[in-house]
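Student: Here it is, the structure in full.
Residue numbers (the working numbering): 33 to 143.
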């Protein structure tokens, strides 16, 4: 993914879902650092927070992928079709409680 594609994703997928006071948390991937991304988010009166470099312990997505990969390992998919079905199943197993707990674990307020 490049910066232009990421900006398109922000405009199409994220922007319609954020509201004033929301926080978007991103790592320091180069595509996340574009000025347009900041302008888009701040225009909606949302807050953009960048994680410190090399800080997966503050990134709830790392916990998400850990759970997804653990489920995939248990399924032992050996075909492309099984892998796709396994990914869908693994993602469906992630609960809202999981997500709240991951944000709490990463020191983000979840109330």
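Ideal Cβ positions, reconstructed from N, Cα and C, are used throughout, including at glycine.
#1: Taking only the alpha-carbon atoms, compute the straight-line gap between residue 86 and residue 51 and give it to the nearest angstrom.
#2: For the segment 56-113, list the beta strand (DSSP E) runs that are entirely contained and at least 3 residues long, ordered along the chain.
#3: Please report the residue range of the alpha helix (DSSP H) in which residue 131 lies.
#4: So, for residue 134: in the same chain, excluding its five sequence neighbours on each side, which residues have a beta-carbon less than 7 Å away from its beta-carbon?
#5: If you draw a straight line from the alpha carbon of residue 45 to that of residue 56, how long is it in whole angstroms?
#6: Between which two residues does the alpha helix (DSSP H) harbouring residue 39 extend?
#7: Measure the alpha-carbon distance for residue 34 versus residue 64 and round it to whole angstroms.
#8: So, is residue 73 buried or exposed, given that buried needs 16 or more other C-beta atoms within 10 angstroms?
#9: On the CB-based measure, 16 or more other CB atoms within 10 Å of its CB, does residue 36 come out buried or exposed?
Tutor: Judging by the given coordinates:
#1: 29 Å
#2: 79-82
#3: 128-137
#4: 92, 95 and 96
#5: 13 Å
#6: In the DSSP assignment, residue 39 falls within the unbroken alpha helix (DSSP H) covering 35-41.
#7: Going by the C-alpha atoms only, they are around 9 Å apart.
#8: buried
#9: exposed
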